[in-house]
Amino acid sequence: MTRLPLSRRRFMATSAGAALIAGASGLASPLRAAEPIKTAGIYTVPVEQQWVSRIHKAALTAQERGDVEYVYSENVSNTDYARVMREYAEQGYKLIIGEVFAVEQEAREVAADYPDIAFLMGSSFKQDEALANFAVFDNYIQDASYLSGIIAGAMTKSANIGMVGGFPIPEVNRLMHAFMAGAREMNPEIKFQVSFIGSWFDPPKAKETAFAMIEGGADMLYAERFGVSDAAKEKGVLAIGNVIDTQADYPETVVASAIWHFEPTLDAAIAAVNAGTFTAADYGVYSFMKEGGSSLAPLGTFEGKVPEAAMALVAEREAAIKAGTFSVEINDEEPKSS
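For the sequence shown, my numbering assigns the number 1 to the initial residue and increments by one for each residue that follows.
This is the structure we're talking about:
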């Protein structure tokens, strides 16, 4: 178990936080926090992994503000997940965050035993109103993925894009479909090679899968997993990043990235806990671009190298997404090669 040093400061509610909880109803005083909220993160992978790193970053930011006292456990196996949840609950943590995609039932059973603790968990399922202290979230960054797809569609010369994912769960599927839709905006004839490696963190396997796609004609890769951009760099093809910005690490390889910002999600939960209104809810909405939960990373070294027509379309669509006049389709079905 890895833990960070704790710091204590008085919580200062912001107008943004107040707006997030305005009109909310839910649990009463047991979930109200008078001091920085004792918060624990439980992760099945290293905190360096893309998805978890964004949760970890947001929690560290909240700790620096004095909103929470944050500790975490990483590399927790699925068989140990419920046990670790109970340990933190017994230690008096009031907000527990993590990802329960593989342990949904066990996690909800633990939450039911600790009704005075707020659980905010990444999940492929929705909230259960009967379990008032268990809220769910997911990274609905399809808006940014769609925009990155437009860029990919404009940059591929072979009209063949390789896509390497972890598991075909809704959270991954919707991002891939959005990316594919964006690419087809530039070239409806683009072909996609789609493969899942059956792991959230296996860079060597992701890299080998990407090599096979390059051999199959792909000159652009969608790097949903670590290892894919390494393959692209070695073979001299391009890549599109996901969740985090790796352009600085691959300046000649990663053209663009769809970024997830977990801060709006966590800030909403913090505000609700402090107000005593935390309840079963779907926090996925806070990942939408119009909520500040996702963005297209700066192009860095590729600034000025993407065709003007593509960048014009990106600007047009981004403005429309933020204005609420354009919606990117959310398709959670498993994507297939075409």
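Cβ atoms here follow ideal geometry from the backbone N, Cα and C, with glycine treated the same way.
- Query: Buried or exposed: Asn-78, going by 16 or more other Cβ atoms within 10 Å of its Cβ?
  - Reply: Exposed, because fewer than 16 other Cβ atoms sit within 10 Å of the Cβ of Asn-78.
- Unbroken beta strand (DSSP E) run spanning Ala-256, endpoints: Run containing Ala-256: 254-260, per the beta strand (DSSP E) assignment.
- Query: Three-state secondary structure (DSSP) at Lys-191?
  - Reply: Residue state, collapsed to three classes: strand.
- Message: Between which two residues does the alpha helix (DSSP H) holding Gly-98 run?
- Response: Not the alpha helix (DSSP H): Gly-98 falls in the beta strand (DSSP E), residues 95-99.
- Query: To which residues of the same chain is Ala-315 closer than 8 Å at the C-beta, ignoring the five residues directly before and after it?
  - Reply: Non-local C-beta neighbours of Ala-315 in its own chain, meaning closer than 8 Å and more than five positions away in sequence, are absent.
- Message: Taking 8 Å as the cut-off, does the segment 294-302 touch the segment 237-249 (at least 3 CB pairs, one atom from each stretch)?
- Response: Output reads yes: the segment 294-302 touches the segment 237-249.
- Message: Taking DSSP's pairing of strands, which residues face Thr-39 in a bridge?
- Response: Residue pairing by DSSP puts Thr-39 in a beta bridge opposite Tyr-70, Leu-95.
- What runs of the beta strand (DSSP E), each 3 residues or longer, lie entirely inside the segment 128-194? Runs of the beta strand (DSSP E) inside the segment 128-194: 134-137, 160-165.
- Message: Please identify the residue among Ile-214, Val-254, Phe-226 whose C-alpha is closest to the C-alpha of Ser-199.
- Response: For Ser-199, the nearest C-alpha among the options comes from Phe-226.
- Message: Just verifying my parser: in three-state terms, what is the DSSP assignment at Ser-77?
- Response: Residue state, collapsed to three classes: coil.
- Query: Count the other CB atoms within 10 Å of the CB of Glu-48; is the residue buried (16 or more) or exposed (fewer)?
  - Reply: It is exposed - the Cβ of Glu-48 has fewer than 16 other Cβ atoms within 10 Å.
- Item | Sequence-distant residues of the same chain with beta carbon closer than 7 Å to Ala-112, five excluded per side | Here the set comprises Leu-131.
- Task: Check whether the segment 215-224 touches the segment 168-186, taking contact to mean three or more Cβ pairs, one atom from each stretch, closer than 8 Å.
- Result: Judged by Cβ distances under 8 Å, the segment 215-224 makes contact with the segment 168-186, as three or more pairs qualify.
- Kindly indicate which residue of Ser-124, Tyr-72, Pro-115, Val-52 has the alpha-carbon position closest to the one of Glu-333. Comparing Cα positions, the closest option is Ser-124.
- Message: Considering only the alpha carbon of each residue, which of Ile-330, Val-52, Tyr-114, Ile-197 lies closest to Phe-288?
- Response: With distances taken between Cα atoms, Phe-288 lies closest to Ile-330.
- Message: DSSP has Asp-332 in a bridge; who is on the other side?
- Response: Bridge partners of Asp-332 according to DSSP: none are assigned.
- Message: In this structure, how does DSSP classify Ser-295 when only helix, strand and coil are distinguished?
- Response: Assignment of Ser-295 by DSSP, reduced to helix, strand and coil, places it in the strand class.
- State buried or exposed for Thr-44, treating a residue as buried only when at least 16 other CB atoms are found within 10 Å of its CB. Sixteen is the threshold: when 16 or more other Cβ atoms of the shown chains lie within 10 Å of the Cβ of Thr-44, as they do, the residue is buried.
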